[in-house]
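Okay, so the sequence shown: first residue is 159 according to the working numbering, each after it adds one.
All C-beta atoms in this analysis are idealised placements derived from N, C-alpha and C, irrespective of residue type, glycine included.
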Amino acid sequence: MHKHNRVVEQDREICKSLFNEDVLVQYVVLRRDLIDAWPLGSVVTQGCHASVSAIWSHKDDLHTLQYCSPQNIDSMHKVTLEVKGETQILNLAEKLSAGGIDHKLWIEQPENIPTCLATKPYPKSEVSSFFKKLKLCK
Numbered sequence: 159m160h161k162h163n164r165v166v167e168q169d170r171e172i173c174k175s176l177f178n179e180d181v182l183v184q185y186v187v188l189r190r191d192l193i194d195a196w197p198l199g200s201v202v203t204q205g206c207h208a209s210v211s212a213i214w215s216h217k218d219d220l221h222t223l224q225y226c227s228p229q230n231i232d233s234m235h236k237v238t239l240e241v242k243g244e245t246q247i248l249n250l251a252e253k254l255s256a257g258g259i260d261h262k263l264w265i266e267q268p269e270n271i272p273t274c275l276a277t278k279p280y281p282k283s284e285v286s287s288f289f290k291k292l293k294l295c296k
């Protein structure tokens with residue numbers, strides 16, 4: 159590679175790192191006790207409900223608009239995590255509310271069971287600390 163081209167490429171990479179926004183991510187948190195007890199499709203549906211509700215409730219938010227924009231629609235980033243049960247998901251919802259993190263705690267009706275929660279899209283660096291102690295859902 160010609161020296162000039164190498165310098166241009168290095169400059170381009172520096173600019174990307176300086177000006178590139180954080181990846182936008184939506185966190186979805188499921189309850190492990192329900193994953194173990196309910197049919198898989200039912201649990202997936204709960205996550206979908208929470209995710210769509212969180213996005214729709216914040217449809218005019220700048221990050222949501224960017225996350226759902228035509229240029230990003232095919233490269234959404236979601237992180238799906240799990241908590242042990244109802245107490246833990248309620249505690250997480252409270253912690254997110256106290257931290258000013260917009261989210262939707264999905265409560266399945268008519269049973270009135272908190273099943274899942276999802277954040278609106280955020281830059282990962284703004285919200286990852288709220289989720290660092292949770293396990294990936296597998």
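Which residues share a DSSP beta bridge with residue i?
i, result
"C274", "L188 and W264"
"V297", "With the chain represented from 159 up to 296, any question about residue 297 goes unanswered, as that position is not in the structure."
"K293", "E240"
Span of the beta strand (DSSP E) holding residue i?
i, result
"V241", "K236 to V241"
Would residue i and residue j be called neighbours here (beta carbons separated by less than 8 Å)?
i, j, result
"L275", "A208", "yes"
"I259", "V285", "yes"
"K236", "Q184", "yes"
"K282", "A212", "no"
"L254", "H221", "no"
In this structure, how does DSSP classify residue i when only helix, strand and coil are distinguished?
i, result
"E244", "helix"
"I259", "coil"
"N249", "helix"
Kindly indicate the opening and closing residues of the alpha helix (DSSP H) around residue i.
i, result
"Q224", "L220 to Y225"
"W214", "L198 to S215"
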